[in-house]
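Here is the structure we will look at.
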Amino acid sequence: MAAISFSVNGRPYNVDTDPDCPLLYVLNDELGISGPKFGCGLAQCGACTVLLDGQPIRSCTTVVSEAAGLGVTTIEGLGTPENPHPLQQAFIQEQAAQCGYCLSGIMLYGKTFVDSNPNATQEEILDALSGLICRCHAHNRMVRALQSYAKAVKA
Amino acid sequence: MKPVNGSSNLNLSTWTPDAVQAFEKAGFSRRGFLRGAGALIVGFMAGGEKLAAQATGTRVTDGTQVDTWVAIAQDESVVAYSGKCEFGQGFLTVQHQLVADELNVPYERVKVIICDTALTPDQGTTSGSQSHPAEFGTAGLRQALATAREQMFRMAATRLSLTPDQLMVKDGVIMSKTDSTKRVTYGQLIGGSTFKLTLDTKAIPKDAATYTVLGTSVPRVDIPGKVFGKHQYVQNVRVPGMLHGKPVRPPTIGAKVVSVNEASVKGLPGNVKVVVKNDFVGVVADREWQALQASKELDVTWSDGPAIPDQATLYDYMRKQPTRDSLIVNASDVDRNLAAAARQFKATYLHPYQIHGSMGSSCAVADVQGTGATATATIWSSTQGVYPQRDSAALLLGLPRPNVRVVFVEGSGCYGINGADTVCYDAALMSQAVGKPVRVQYTRADEMTDGENIGPAFVVDLTAGVDDKGQIIAWDYESWALSKGGRPNATTPGNIITAALAGFPTPAIVPAAANSPTTFGNNGNAASSYGAGVVGNNAPGGTGNVRSERVKTHTIQSMFFTGPLRSPNRLQNTFANESFIDEIAAAVKVDPVQYRLRHLSDARLIDVLNAAAKAANWDTRVSPKPGNAKTGVVTGRGISCVLYEGDNGYCAIVAEVEVDQDSGVMNVKRLIASQDSGAISNPDGMRNQMEGGALQGMSRAMKEEVKWSGNRITSVDWVRFPVFKFGDALPVVETVIVNRTDKLQMGAGECTITSVAAAIANALYDATGARLRQVPFTPARVLAALKERA
Chain A
29 MAAISFSVNG RPYNVDTDPD CPLLYVLNDE LGISGPKFGC GLAQCGACTV LLDGQPIRSC
89 TTVVSEAAGL GVTTIEGLGT PENPHPLQQA FIQEQAAQCG YCLSGIMLYG KTFVDSNPNA
149 TQEEILDALS GLICRCHAHN RMVRALQSYA KAVKA
Chain B
379 MKPVNGSSNL NLSTWTPDAV QAFEKAGFSR RGFLRGAGAL IVGFMAGGEK LAAQATGTRV
439 TDGTQVDTWV AIAQDESVVA YSGKCEFGQG FLTVQHQLVA DELNVPYERV KVIICDTALT
499 PDQGTTSGSQ SHPAEFGTAG LRQALATARE QMFRMAATRL SLTPDQLMVK DGVIMSKTDS
559 TKRVTYGQLI GGSTFKLTLD TKAIPKDAAT YTVLGTSVPR VDIPGKVFGK HQYVQNVRVP
619 GMLHGKPVRP PTIGAKVVSV NEASVKGLPG NVKVVVKNDF VGVVADREWQ ALQASKELDV
679 TWSDGPAIPD QATLYDYMRK QPTRDSLIVN ASDVDRNLAA AARQFKATYL HPYQIHGSMG
739 SSCAVADVQG TGATATATIW SSTQGVYPQR DSAALLLGLP RPNVRVVFVE GSGCYGINGA
799 DTVCYDAALM SQAVGKPVRV QYTRADEMTD GENIGPAFVV DLTAGVDDKG QIIAWDYESW
859 ALSKGGRPNA TTPGNIITAA LAGFPTPAIV PAAANSPTTF GNNGNAASSY GAGVVGNNAP
919 GGTGNVRSER VKTHTIQSMF FTGPLRSPNR LQNTFANESF IDEIAAAVKV DPVQYRLRHL
979 SDARLIDVLN AAAKAANWDT RVSPKPGNAK TGVVTGRGIS CVLYEGDNGY CAIVAEVEVD
1039 QDSGVMNVKR LIASQDSGAI SNPDGMRNQM EGGALQGMSR AMKEEVKWSG NRITSVDWVR
1099 FPVFKFGDAL PVVETVIVNR TDKLQMGAGE CTITSVAAAI ANALYDATGA RLRQVPFTPA
1159 RVLAALKERA
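Protein chains in written order, with my numbering: chain A, 29 to 183; chain B, 379 to 1168.
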């Protein structure tokens, strides 16, 4: 066990944990942060995605010690119902989900790419999401939501 | 329309005081929730707040009683209760719309509580596209609401000294049609009280043509919570004092425990405990990561399981087993007409085992407390049926049924009986053994091997004869499908692998000859759309005009546990039937739409077929497409149509494909689907289902197959069980809704998935002249089909 400090959605945490435990379990079980989800534990689906210092990573295969001293952002950290992030508004507007279990991956990889490529084509957005799974297959709506978000970024 | 934030989880703090009061008056104790009074106390985090729920509430859950379904508060808020669950298909939103519309109250006043054996009526399972037919049927929520509304009209008439037919209702206020000052609100009439009424099957629900909330694209109630990361899935349930369990499964199919060396995990972190019951093995630890580590360290000696059929010879094996048979239609002249036909056609279609493959591996929390007759259990589960799960878990745990409560919490989309039920049993057995609440979430390999009841493989043989004008004069269907276990129920826990490992027998398929049919049944679209469905002297029950029809099915023992996977049997059968009609159309040189129309009698199926063709700008001509080269990249279009399970949703779908004949790589470029599911509740919700179903069906048709080697399943992750994912070529998906407000509501979630495989295979034929008769359509199979083409 080791004491590890990092922040999640701007709030500092200090946890006493096995340093080799994946970050996902610490977020879900120790900190009660439920946005990132366990899907496969193999970095094959993206349900566990968080931003680590602004870059999307798979928290199911990233050990918690790698987060030491860094900032983690989950989809909870984007916005709130009272003050939604434009990305969240776009997903609500397009009704871009069925079960929604995959959303952390689609939204965070999508956001990272669109933020730096607001003029991206649909093909480029799809390419940026490459490898992510949505098993309800709501792909078309999700791409529409990200295109709509890109318009908001440009505006 | 203002969306309602949050989820369906009970969170009384967000309710108005009168809504809570109505809840109490409906027979449930608020104190049980807030302070945990009562026999069995549990708690879980919902929206960041701790709630305590009481297992032994006094709420009436008898579905014949209006109070079971609806309670109205003095502040005019309405709470409804239903046993149909939400899995991301959007039905919870439809339930809110239904309550608002049927009672004529503003949508924002409505709360709907779903699927809890202590709170809601028993409506079986949420499956088979039956939610709309059941909820809008004479024993469902709509009938209860209509009964309640008529009762309030009678009460208002007495109060206002008028007759019910002199009254109207608007926004929950009943008033005189001619003098709006004569008025009384629902809350004033019944608020905080109960109806004490039996559902009246003669109560008249509103005409769908007059709906103002239903029939509109109300945004989903659950999506905001999901995009803000606040929605509580079953994977997020945490109970005070909870431990984490991890099952340790046999490494091969049918292996048995020889010995378990508990010393192998002694001293590992997390206070590890080992649970063994016959061949069920699990470890429990304080934290999930610790349980996972311990499960890897636990030294279990297993016997070798029995040999199972080699995957390469599965379909031949299936034809040679003892079978349980049924006959759906058995016209006496089929053999004679086939013999006399101008031309006869034969083809065999093969479909593999497939898994549900939920995005989130299955999860449950179980809390089994005490021993003997007073023991109780609470299970938080994303099951499709809280009551069947309760009945089955009671047998598994040896508890009286009323002592078990199953609380539904949405999980990852399930598409049928995924691991949701199985994992409840794992959690329950381990909780019972350690005397603490236990949460289990499967690993990906658990989910994809012994976590669920998978969709069975199918062999379908089809034979047809046509006359000298190319008209079909006889149609003969024969299929072989595998089966083992199935859904939880009140008698056979061994339907599910966890219980089978723990020692409960799994019923075997008992070979039996078919009885002669007495009435027509579609039997999961085994009967094609082109049959007349004539049995004896009964009126035709099919959607086509081929009267000389035989449909015979064989069920055989499966080596893997099987169960309903989205569009069970209907999907496999429709792939076969809709490919075969296309083969015949091409052979007799008629356009595939025109040839279908020649053999259809059902006006609504004809309409959706024409609607899809029109939307796709269908190029009317014979397949294959003239002028396509035999090498390089070519394109084609195909169509398919079906009345889902013979009575529950009309659909047609056009696929446009592009195939590289040198590599065998085929991409679907465009899918255009039309659907008639009667009176539509939520057009955008229906489109979401149509789109997702079309793509999921495309994934199943082109990529998905359970694989095994020896007696070990090898398709244990997303690399070895590939599905359609981001980065794969995404087709444009277009939808056409045929809304019929004069027709009963039908299922909408399984229509496109049922039809899409044949549309793709037919498009490949149109592009190349090569015929795909085996799912999945991998590049290797496409190349093989190209090699065989005439």
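C-beta atoms are modelled at their ideal positions from N, C-alpha and C, and glycine is treated no differently.
Does the stretch 847-856 of chain B come close enough to the stretch 864-874 of chain B to have 3 or more Cβ pairs within less than 8 Å?
no
Using a Cβ-Cβ cut-off of less than 9 Å, give me the residues of the stretch 605-623 of chain B that come near chain A, in sequence order.
Val605, Phe606, Gly607, Lys608, His609, Gln610, Tyr611, Gln613, Asn614, Arg616, His622
Minimum C-alpha distance to Val1035(B) - residue among Val615(B), Gly902(B), Arg768(B), Ala1145(B)
Position 657 of the second sequence holds residue 1035(B). Of the listed residues, the one whose Cα sits closest to Val1035(B) is Ala1145(B).
Among Gln452(B), Arg982(B), Gln1123(B), which residue has its Cα nearest to the Cα of Asp585(B)?
For the purposes of this step, residue 585(B) is taken as the residue at position 207 of the second sequence. Comparing Cα-Cα distances from Asp585(B) to each of Gln452(B), Arg982(B), Gln1123(B), the minimum goes to Gln1123(B).
To which residues does DSSP link Asn42(A) through a beta bridge?
The residue labelled residue 42(A) in the question sits at position 14 within the first sequence. Answer is Ser33(A).
Please check if any C-beta of chain B sits within less than 9 Å of the C-beta of Val142(A).
Counting from 1 along the first sequence, the entry for residue 142(A) is found at position 114. No, its Cβ sits nowhere closer than 9 Å to a Cβ of chain B.
Quick one, which residues of the stretch 43-74 of chain A are near chain B if we go by CB-CB under 9 Å, in chain order?
Thr45, Asp46, Asp48, Cys49, Pro50, Tyr53, Val54, Asn56, Asp57, Glu58, Gly60, Ile61, Ser62, Gly63, Pro64, Lys65, Phe66, Gly67, Cys68, Gly69, Leu70, Gln72, Cys73, Gly74
Who are the Cβ neighbours of Asn1171(B) in its own chain at under 8 Å, not counting the five residues just before and after it?
Absent from the model: residue 1171(B). The displayed extent of chain B is 379 to 1168, so no value can be given.
Is it buried or exposed, Ile1131(B), if we count other Cβ atoms within 10 angstroms and call 16 or more buried?
Within the second sequence, numbered from 1, the residue matching residue 1131(B) stands at position 753. Ile1131(B) should be labelled buried.
Under 8 Å by Cβ, that's how I've got Val78(A) and Ile85(A) pegged, so tell me the actual separation to the nearest angstrom.
To locate residue 78(A), count along the first sequence from 1; it is residue 50. To locate residue 85(A), count along the first sequence from 1; it is residue 57. That belief holds up - the Cβ atoms of Val78(A) and Ile85(A) are roughly 6 Å apart, short of 8 Å.
In whole angstroms, what separates the C-alpha of Ala522(B) from that of Lys698(B)?
Numbered from its first residue, the second sequence carries residue 522(B) at position 144. Numbered from its first residue, the second sequence carries residue 698(B) at position 320. Looking at the two C-alpha atoms, the distance is approximately 51 Å.
Using a Cβ-Cβ distance under 9 Å, would Phe119(A) count as near chain B?
In the first sequence, counting from the first residue as 1, residue 119(A) sits at position 91. Chain B contact via Cβ: present.
Own chain partners of Ala811(B) with C-beta closer than 6 Å, once the 5 adjacent residues on each side are dropped:
The count along the second sequence starts at 1 and reaches residue 811(B) at position 433. Correct list, in chain order: Val653.
Pick from Asp1025(B), Ala1137(B), Met1076(B): whose alpha carbon is nearest that of Arg1015(B)?
Residue numbering aside, residue 1015(B) sits at position 637 when the second sequence is read from its first letter. Nearest option by C-alpha distance: Ala1137(B).
Taking Cβ to Cβ, would you say Asn903(B) is nearer than 9 Å to Glu1023(B)?
Start at 1 with the first residue of the second sequence, and residue 903(B) comes out as number 525. Start at 1 with the first residue of the second sequence, and residue 1023(B) comes out as number 645. It is a contact, given that the beta carbons lie within the stated cut-off.
Using a Cβ distance threshold of 8 Å, determine whether the stretch 878-894 of chain B contacts the stretch 690-697 of chain B, with at least three qualifying pairs required.
no
Are the beta-carbon atoms of Gln1039(B) and Gly1005(B) separated by less than 9 Å?
Position 661 of the second sequence, counted from the first residue, corresponds to residue 1039(B). Position 627 of the second sequence, counted from the first residue, corresponds to residue 1005(B). Result no, Cβ atoms of Gln1039(B) and Gly1005(B) do not sit closer than 9 Å.
Cutoff 9 Å: Thr149(A) Cβ touching any chain B Cβ:
Taking the first sequence and counting its residues from 1, the one referred to as residue 149(A) is at position 121. Cβ-Cβ to chain B under 9 Å: no for Thr149(A).
Check whether the stretch 927-945 of chain B and the stretch 993-1001 of chain B touch, using three or more Cβ-Cβ pairs below 8 Å as the test.
no
If you run the structure through DSSP and keep just helix, strand and coil, what is Lys1047(B)?
Here the question's residue 1047(B) lines up with position 669 in the second sequence. Strand at Lys1047(B).
List the residues of chain B that Ala95(A) touches, going by C-beta distances under 9 Å, in chain order.
For the purposes of this step, residue 95(A) is taken as the residue at position 67 of the first sequence. Going along chain B, no residue has its Cβ under 9 Å from Ala95(A), so there is no contact; the nearest lies around 15 Å.
Below 7 Å on C-beta distance, what does Glu152(A) contact in chain B?
Position 124 of the first sequence, counted from the first residue, corresponds to residue 152(A). Neighbours of Glu152(A) on chain B: none; closest Cβ ~12 Å, over 7 Å.
Going by DSSP in three states, Pro84(A) sits in which element: helix, strand or coil?
Position 56 of the first sequence, counting from 1, holds the residue named residue 84(A). Strand.
With a threshold of 8 Å (Cβ to nearest heavy atom), would Gln668(B) be considered close to the ligand ADP?
Among the components modelled here there is no ligand, and therefore nothing to report on the ligand ADP.
Member of Lys462(B), Trp680(B), Met808(B), Asn482(B) whose CA lies at the smallest distance from the CA of Ile450(B)
The residue given as residue 450(B) occupies position 72 in the second sequence. Of Lys462(B), Trp680(B), Met808(B), Asn482(B), the residue nearest in Cα terms is Asn482(B).
Using a Cβ-Cβ cut-off of less than 8 Å, list which residues of the stretch 162-175 of chain A approach chain B; keep chain order.
Cys162, Arg163, Cys164, His165, Ala166, His167, Asn168, Arg169, Val171
When you compare only the Cα positions, how much space is there between Val142(A) and Lys462(B)?
For the purposes of this step, residue 142(A) is identified with residue 114 of the first sequence, where counting begins at 1. For the purposes of this step, residue 462(B) is identified with residue 84 of the second sequence, where counting begins at 1. For Val142(A) and Lys462(B), the distance between alpha carbons rounds to 38 Å.
Quick check: is the beta carbon of Asn715(B) nearer than 9 Å to any beta carbon in chain A?
Taking the second sequence and counting its residues from 1, one reaches residue 715(B) at position 337. No - not a single Cβ of chain A is within 9 Å of the one on Asn715(B).
Out of Asp600(B), Arg1078(B), Val678(B), state which residue places its alpha-carbon closest to the alpha-carbon of Ser371(B).
The shown model of chain B, from 379 to 1168, leaves out residue 371(B), and the question about it has no answer.
Contacting positions in the stretch 1097-1108 of chain B - beta carbon closer than 7 Å to chain A
Val1097, Val1101, Phe1102, Lys1103, Phe1104, Gly1105, Leu1108
Under 8 Å between beta-carbons, which chain A residues line up against Asn1066(B)? List them in chain order, please.
Taking the first residue of the second sequence as position 1, residue 1066(B) is located at position 688. Simply Gln123, Gln126, Ala166, Arg169.
First and last residue of the uninterrupted beta strand (DSSP E) at Pro625(B):
Here residue 625(B) corresponds to residue number 247 of the second sequence, with the count starting at 1. Pro625(B) -> beta strand (DSSP E) spans 621-625.
In or out: Ser1087(B) buried (at least 16 other Cβ within 10 Å) or exposed?
Locating residue 1087(B) in the second sequence gives position 709, counting from the first residue. Exposed is the call here.
By the criterion of Cβ-Cβ separation under 8 Å, what are the contact partners of Pro597(B) in chain A?
In the second sequence, counting from the first residue as 1, residue 597(B) sits at position 219. Near Pro597(B) (Cβ distances below 8 Å), the residues of chain A are Ile120, Gln123.
Tell me which same chain residues have a C-beta within less than 6 Å of the C-beta of Thr579(B), skipping the five on either side of it?
As a first step, residue 579(B) must be located in the second sequence, where it is residue number 201. Correct list, in chain order: Thr516.
Please name the residue in Val171(A), Ala178(A), Ser93(A) whose C-alpha comes closest to that of Val1110(B).
Taking the second sequence and counting its residues from 1, one reaches residue 1110(B) at position 732. Taking only the C-alpha atoms, the option nearest Val1110(B) is Val171(A).
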